[in-house]
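Chemist: Sharing a structure here in structure tokens format.
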Amino acid sequence: MDQPIDLISALLQTTLNESIRDTLNTSRPLITHLNADTTWLLSIPCPKTAKNLFNKAYFHILIDPWLRGGQSDVAAFFSQQWHANPSAVQSIAEIEEFIKSIEEVAHKKEIVGDGSWIDAVVVSHEFTDHMHKETLLEIPNTIPVFATSKAAAAITSWAHFDHVEEIRRFDGDWKESSTENLPDWVGISRVAKAGVDLLYYHSAIMITFSTFSERNTSDGDANDNIPEAVIYTPHGIDPGDLTLVGKAQPPIRTLALLHGLQDISLPRAQLNKGAHNGLKVQRLLNAKYWVGTHDEVKVGGGIVSWFLNRKVVTLKEALEREAEENGESGDVKKVGDIKFLEVGNGESLILV
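For the working numbering, count along the sequence shown from 1 and bump the result up by 33.
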């Protein structure tokens, strides 16, 4: 199934549609957009051979949670904004219930008992549309948090979570990012410009996993055993900064790229790199799925909003510019290779 499904609504139904039930039995990763902006739930199927104390079907990673309320950086007069549309889930408790429903479908039985269903939290930036304190403090303190440097320092200062870990820079071997607070088949790393990147604004979070024991490899192709990655870059990343991914040892296949289409800038600063950059990144990574993120036009104000320049760029426009830049010998024939999907607020996508 290569189209998003409204899984959150479906799981609330008394009788679950059989097609939805069949979809969840594919033993493939599931990604759910929890709001219209850049909050995601990545559910990775647990290999049967892996150590699994709680007998869960999936390992559930919550990414950049901001569900309700406003967010402000520096001060409200400088920058403040709210979601233009209510998030599909309004609380961490609702996320937990949604995950529980996924697990019940996977196990084909009702699950009784308390405890958190979230396995890990990822925070990509210290800006409060990614590191939203009010939402994060709803998460049980026992859940490990993986955050970039400044975000990790800020979250640690709240003295709420038992474990806050700075995300390691990817050095070519994804296994080095599988720390003691993750299963040995999952790694979380940061991909960024070589050297010291003080802001790491244009960087990426790479979640890598090796679940090939669950894959249907009837043809015996060794390529089916290559670990897969979801690369999440809400502001975009320079394509050249991703070259290490292509040279990774052991090799990695990019299953999904999360990169927005909107080009957002201030007079002297590029914020979100948008579709033109996203297309270049996709050409480099050759991800099976390119999914839009961080493109919500939020309600807001403050000094920053006066100078913000937002260009809504379509994939078609990005492809046309690419063809112009490359001339007649360009990549026009490769247009069909680009699979871009918008996963809406509350929708899920099976990454087959």
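By construction, the Cβ of each residue, glycine as well, lies at the ideal position given by its N, Cα and C atoms.
Tell me which same chain residues have a C-beta within less than 6 Å of the C-beta of Thr326, skipping the five on either side of it?
Modeler: Excluding positions up to five away in sequence, the list reads Thr71, Pro267, Leu291, Gly293.
Chemist: Can you look up Asn249 in the DSSP assignment and give me helix, strand or coil?
Modeler: Because the pLDDT of Asn249 is 43, which lies under 50, any placement of that residue in the model is unreliable, and the number read from its coordinates should be weighed accordingly. Correct three-state label for Asn249: coil.
Chemist: Taking just the CA atoms, how far does Ala69 sit from Gly311?
Modeler: Looking at the two C-alpha atoms, the distance is approximately 19 Å.
Chemist: Please identify the residue among Ile371, Asn58, Tyr265, Pro284 whose C-alpha is closest to the C-alpha of Gly205.
Modeler: Cα-wise, what sits closest to Gly205 is Pro284.
Chemist: Have a look at Glu127 and Asn359 and give me their C-alpha separation to the nearest angstrom.
Modeler: Their backbone Cα atoms lie some 48 Å apart in a straight line.
Chemist: Nearest chain C C-beta to Phe92 closer than 8 Å, yes or no?
Modeler: This model lacks chain C altogether; it includes just one protein chain.
Chemist: Give, in chain order, every unbroken run of the beta strand (DSSP E) that is at least 3 residues long and sits entirely within the segment 230-312.
Modeler: You should have 237-242, 261-265, 286-291, 296-299, 302-305.
Chemist: What residues in its chain sit with their C-beta under 8 Å from that of Lys372, if we drop five residues either side in the sequence?
Modeler: Cβ within range, chain order: Asp35, Lys321, Tyr322, Trp323.
Chemist: Let's see if you can read the secondary structure: which residues bound the beta strand (DSSP E) around Ala153?
Modeler: Looking at the DSSP string, the run of the beta strand (DSSP E) that includes Ala153 is 153-156.
Chemist: Going residue by residue through the segment 48-129, where are the continuous alpha helix (DSSP H) segments of at least 4 residues, counting only ones entirely within it?
Modeler: Listed in chain order, the complete alpha helix (DSSP H) runs (minimum 4 residues) inside the segment 48-129 are 51-56.
Chemist: Starting from Leu382, trace the beta strand (DSSP E) both ways and give me its first and last residue.
Modeler: Where Leu382 is concerned, the enclosing beta strand (DSSP E) stretches over 381-383.
Chemist: I need the straight-line Cα distance from Glu261 to Phe194, nearest angstrom please.
Modeler: When rounded, the distance between both Cα atoms is 29 Å.
Chemist: To the nearest angstrom, report how far apart Thr189 and Val197 are at their CA atoms.
Modeler: When rounded, the distance between both Cα atoms is 6 Å.
Chemist: Quick one: what does DSSP say Leu318 is sitting in, helix, strand or coil?
Modeler: The answer is helix: DSSP assigns Leu318 an H, G or I state.
Chemist: Taking C-alpha atoms, which residue in Val385, Lys208, Asn258 lies nearest to Leu288?
Modeler: Of Val385, Lys208, Asn258, the residue nearest in Cα terms is Val385.
Chemist: Might you give, ordered along the chain, the residues of its own chain that have their beta carbon closer than 7 Å to the beta carbon of Asn214, omitting 5 neighbours on each side?
Modeler: Around Asn214: Pro177, His196, Glu198.
Chemist: Who does Val138 pair with in a DSSP beta bridge?
Modeler: Answer is none; Val138 lacks a bridge partner.
Chemist: Taking a contact to mean a Cβ-Cβ separation below 8 Å, would you say Ile200 touches Ile221 in this structure?
Modeler: For Ile200 and Ile221, yes; Cβs fall inside 8 Å.
Chemist: Mark Leu170 as exposed unless 16 or more other C-beta atoms lie within 10 angstroms of its C-beta, in which case mark it buried.
Modeler: Answer is exposed; the Cβ neighbour count stays below 16.
Chemist: Suppose the cutoff is 8 Å on Cβ atoms and the five residues either side in sequence are ignored; what does the same chain contact list for Phe143 look like?
Modeler: In the sequence as presented, Phe is not what sits at residue 143; that position holds Glu. The residues are Glu137.
Chemist: If you compare alpha carbons, which of Asn342, Ser210, Phe131, Asp271 is closest to Ala237?
Modeler: Per the Cα distances, Asp271.
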